[in-house]
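2 protein chains.
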Amino acid sequence: MKATIYDIAKKAGVSIATVSRALGENRDKVKPETREKIYNICKELDYSPNSIAKYLAKKTTGSIGLVLPEIQGDFYTEIIKGVDEISYSGGYNLLVASSHSRRNIVESILGFMKESMVDGVVLMIPSMNKQIESILSKYQIPVVIISDMEGFDEYDKVSIDNYQGAYSITEYLIKTLGHTKIATICGPEENFDAQKRKKGYIDALKDAGLPIEKRWIVESDFTIKGGEIACSRLLSLKEKPDVIFAANDNMAAGCYNTANLLGYKIPEDLGVVGFDHVAFCDFLKPKLTTVHVQVSEIGRVSTNLLLERLSNKNKEDRPPKHLKISTGIIIGNSVIKKTTN
Amino acid sequence: MKATIYDIAKKAGVSIATVSRALGENRDKVKPETREKIYNICKELDYSPNSIAKYLAKKTTGSIGLVLPEIQGDFYTEIIKGVDEISYSGGYNLLVASSHSRRNIVESILGFMKESMVDGVVLMIPSMNKQIESILSKYQIPVVIISDMEGFDEYDKVSIDNYQGAYSITEYLIKTLGHTKIATICGPEENFDAQKRKKGYIDALKDAGLPIEKRWIVESDFTIKGGEIACSRLLSLKEKPDVIFAANDNMAAGCYNTANLLGYKIPEDLGVVGFDHVAFCDFLKPKLTTVHVQVSEIGRVSTNLLLERLSNKNKEDRPPKHLKISTGIIIGNSVIKKTTN
DNA sequence: CTGTTAGCGCCTTCAT
DNA sequence: ATGAAGGCGCTAACAG
Chain A
5 MKATIYDIAK KAGVSIATVS RALGENRDKV KPETREKIYN ICKELDYSPN SIAKYLAKKT
65 TGSIGLVLPE IQGDFYTEII KGVDEISYSG GYNLLVASSH SRRNIVESIL GFMKESMVDG
125 VVLMIPSMNK QIESILSKYQ IPVVIISDME GFDEYDKVSI DNYQGAYSIT EYLIKTLGHT
185 KIATICGPEE NFDAQKRKKG YIDALKDAGL PIEKRWIVES DFTIKGGEIA CSRLLSLKEK
245 PDVIFAANDN MAAGCYNTAN LLGYKIPEDL GVVGFDHVAF CDFLKPKLTT VHVQVSEIGR
305 VSTNLLLERL SNKNKEDRPP KHLKISTGII IGNSVIKKTT N
Chain B
5 MKATIYDIAK KAGVSIATVS RALGENRDKV KPETREKIYN ICKELDYSPN SIAKYLAKKT
65 TGSIGLVLPE IQGDFYTEII KGVDEISYSG GYNLLVASSH SRRNIVESIL GFMKESMVDG
125 VVLMIPSMNK QIESILSKYQ IPVVIISDME GFDEYDKVSI DNYQGAYSIT EYLIKTLGHT
185 KIATICGPEE NFDAQKRKKG YIDALKDAGL PIEKRWIVES DFTIKGGEIA CSRLLSLKEK
245 PDVIFAANDN MAAGCYNTAN LLGYKIPEDL GVVGFDHVAF CDFLKPKLTT VHVQVSEIGR
305 VSTNLLLERL SNKNKEDRPP KHLKISTGII IGNSVIKKTT N
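Chains A and B supply the protein sequences, listed in that same order. Reminder that position 237 of the first sequence reads as 241 in the working numbering, one-by-one numbering, no gaps. Reminder that position 328 of the second sequence reads as 332 in the working numbering, one-by-one numbering, no gaps.
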């Protein structure tokens with residue numbers, strides 16, 4: 005059986021209150037000698053306080069929850085990693101729950117909230133969900149949202165700067181490479197990242213004085229297959245684009261496949277750029293030009309915000325922060341400079 | 005303030021014991037009417053039991069811990085996913101701790117164990133660590149080990165069948181494709197997976213009556229860079245191999261890079277096969293022939309074993325199980341049939 | 001079928 | 001500087 009505070013107290017000839025003090029915040033209110041004695045006995049008995057009991061008494065759990073829409077691909081690994089690192093340094097344990105066939109995002113949140121499992125949660129919301137808002141307002145624990153959505157402004161929010169990333173790479177195609185015939189394959193309409201990326205694309209064209217061709221904006225689903233289909237759609241247009249901006253790398257890879265299949269050479273016959281800079285980009289031939297995202301930074305930043313809130317719990321709250329993680333462009337060989345024909 | 009069991013009891017005009025019963029294992033020992041009444045009040049007050057308190061009273065936490073050596077790449081995502089799915093279906097929360105710059109594997113384990121945070125742990129051990137054994141034996145909670153190591157036989161162990169995978173793909177190179185000059189790039193010596201893969205390679209050669217060339221066995225570190233260096237080493241030999249079996253896909257990708265750089269064409273001048281079947285394999289040109297591993301299955305299987313143990317806690321223990329997840333070969337275009345010269 | 005009561009292990013006033 | 005005692009919210013005998 006594991007040693008409890010009583011064992012230590014008895015062996016040290018003091019009361020449990022003293023042991024508790026010697027080990028907690030107010031070490032200094034215990035006479036150095038008895039403190040020392042207690043430490044030694046703790047070591048001897050390999051004692052450490054039972055967190056469950058501690059947290060029951062203190063009304064905090066010492067854990068934070070991370071709610072993910074899914075766990076797939078290294079994007080989520082990076083998020084988890086970032087959150088894990090920071091929560092650890094803050095002395096918190098990390099509980100992870102993701103949606104899958106048997107659990108949706110709402111259940112994940114409720115699981116943490118209702119049962120008081122965590123002191124705060126980092127919540128990733130990829131697309132609209134009405135229930136979430138009412139749930140969050142009902143339970144009063146700190147929440148940081150990872151999402152590029154509008155609304156929820158009373159919460160801390162963190163996301164990559166989808167808009168800026170899309171705008172930049174489109175602008176790069178136009179200004180640096182001289183392209184004018186640029187199509188895009190968007191992500192799912194309800195997905196916030198997809199929305200922002202589309203907007204960045206459109207605004208970059210507008211700002212450059214280029215027309216927005218509806219036929220050159222096709223919606224897809226962020227998968228490779230989806231990219232393949234969308235690409236063949238674009239290539240079958242009478243007026244074909246010279247470059248395709250795929251809203252993520254998966255779909256860009258899909259474009260590679262389709263181009264390959266139909267006999268278009270990248271970058272000569274068709275340029276392709278992506279978004280995310282996932283691991284396989286460097287293995288595509290030719291190397292994909294894409295938008296680089298520091299994913300683990302999202303995890304780190306959001307967790308820092310959460311810990312900030314948690315440590316401030318009683319004091320007056322600071323106003324919510326809304327942060328964007330900036331992006332960069334990775335130049336590959338998947339687009340060439342537009343030749344004046 | 006959140007409702008407690010007392011609020012429900014008061015409002016229902018019963019004792020807290022009855023409420024507790026109505027909500028717990030022995031629902032049936034409560035009169036249906038009062039049970040119904042209690043349910044309604046719970047809903048009305050949006051009550052759910054505080055897990056922390058519950059677990060203090062029951063001496064179990066309702067959580068399991070997952071200890072990872074690192075979180076990087078989609079290998080770990082798949083593990084987490086598998087564990088998450090199963091632990092959820094078993095009604096357990098999932099705590100994740102991975103090693104990183106500020107925390108090693110031992111600290112991760114101790115974090116869970118000492119503070120009684122979890123009822124059991126899934127522990128991934130990629131390489132030898134002496135401390136682990138003594139720690140595990142000290143704390144008596146169920147542990148399932150994910151590792152292809154020898155020893156620790158008193159614990160449930162799960163791993164992919166590294167040996168079989170390596171043996172099979174080597175045998176495939178020999179018997180199906182007719183190769184005889186096969187080199188290998190191993191992973192780190194202390195890594196268990198690497199050890200088994202090397203052994204599989206060696207035994208397949210032996211069983212086919214082929215000699216083991218020391219020069220054709222080079223150790224590396226499972227990284228792309230490492231694969232590049234090892235490959236150039238092999239290609240600089242006077243007696244060059246025809247095919248390289250890289251012990252993971254990263255290193256296989258490194259071989260692609262080096263081959264490319266030095267002017268060798270894959271598969272004509274050099275064959276390459278890998279291990280793991282990570283996402284980018286399908287994007288390599290030519291497509292990589294590699295060993296497929298069902299990673300999420302590892303997570304699922306090991307968690308199932310853990311839950312099995314947890315549900316049996318008081319009854320007599322079953323003997324430990326040691327399971328291997330079988331592998332398969334993904335045929336790409338990175339090796340050709342040996343032409344009889 | 002239901003209520004009473006004693007913990008679970010720790011923290012935290014309130015006294016001393 | 002230390003001890004005694006009352007919770008935290010819930011479960012689990014033990015009575016009735």
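Idealized CB from N, CA, C, for every residue including glycine. Computed from a predicted model, the values in this text were never measured in an experiment.
DSSP places THR343/A outside any beta strand (DSSP E), giving it a letter other than H or E. By the Cβ-count criterion, GLY303/A is buried, with 16 or more other Cβ atoms from all chains shown falling within 10 Å of its own Cβ. Residue environment for LEU241/A: exposed (fewer than 16 other C-beta atoms within 10 angstroms of its C-beta). For ASP88/A, the chain B residues whose C-beta falls within less than 8 Å of its own C-beta are ILE75, VAL100, ALA101, SER102 and HIS104, listed in chain order. Against chain B, the CB of TYR171/A has no partner CB under 9 Å away; the residue lies outside that interface. For MET121/B, the neighbours in chain A by C-beta distance under 7 Å run, in chain order, SER55 and ASN97.
Inclusion of TYR159/B and ASP123/B in the CB contact set at 9 Å is not warranted, their separation being larger than that value. The three-state secondary structure of MET117/A, taken from DSSP, is helix. Shortest Cα-Cα distance from GLU119/A to any of ALA263/B, ASN54/B and ILE335/B involves ASN54/B. For GLU223/B, the enclosing beta strand (DSSP E) has its first and last residue at 221-223. In the three-state scheme derived from DSSP, where H, G and I count as helix and E and B as strand, ARG107/A is classed as strand. At least one C-beta of chain A is nearer than 9 Å to the C-beta of ILE84/B. Residue state for ALA257/B is assigned as helix, using DSSP reduced to three classes. A distance below 6 Å between beta-carbons, with the five flanking residues on each side excluded, links ASP197/A to the following residues of its chain, in chain order: ASP152 and ASN166. Taking a Cβ-Cβ threshold of 7 Å, the residues of chain A close to ARG107/B are TYR92, in chain order. Contact between ILE129/B and ILE136/B holds, since their C-beta atoms are separated by about 6 Å, short of 8 Å.
Interface with chain A (9 Å Cβ-Cβ cutoff): THR81/B is included. CA-to-CA, the gap between GLU82/A and ILE75/A works out to about 11 Å. Per DSSP, GLY95/A has no beta-bridge partner at all. In this chain, the alpha helix (DSSP H) harbouring THR307/B covers 299-315.
Within 10 angstroms of the beta-carbon of LEU265/A lie fewer than 16 other beta-carbons, which makes it exposed.
Counting the other Cβ atoms within 10 Å of the Cβ of TYR205/A gives 16 or more, which makes it buried.
When DSSP states are grouped into helix, strand and coil, SER141/A belongs to the helix group. Interface with chain B (9 Å Cβ-Cβ cutoff): THR65/A is included. ALA198/B is outside the set of residues whose beta carbon lies under 9 Å from a beta carbon in chain A.
Nearest neighbour of GLY258/B by Cα position, chosen from ASP273/B, GLU272/B, GLY278/B and LYS244/B, turns out to be GLY278/B. In this structure, the straight-line span from the alpha carbon of VAL87/B to that of SER24/A is close to 36 Å. Straight across, the Cα-Cα distance linking THR188/B with ILE150/B is about 25 Å.
Residue range 228-239 is occupied by the alpha helix (DSSP H) that includes GLY231/B.
In the same chain as PRO245/A, and ignoring 5 residues on each side of it, the C-beta atoms closer than 7 Å to its own belong to LYS185, ILE186, ALA187, TRP220 and LEU238, in chain order.
Contact check for THR331/A and VAL297/A: beta-carbon distance about 6 Å, within the 8 Å limit, so the pair qualifies. Against chain A, the beta carbon of ALA21/B has no neighbour under 9 Å; the closest one sits roughly 19 Å away. Two segments are said to touch when three or more pairs of C-beta atoms, one from each, lie closer than 8 Å; by this definition the stretch 163-178 of chain A does not touch the stretch 219-236 of chain A. Membership of SER24/B in the alpha helix (DSSP H) is indicated by the continuous run 20-27. Only residues of its own chain outside the window of five on either side were considered, and among them none has a CB closer than 6 Å to the CB of ASN133/B. Considered as a whole, the stretch 5-82 of chain A harbours 9-16, 20-27, 36-49 and 55-62 as its complete alpha helix (DSSP H) runs of no fewer than 4 residues, in chain order.
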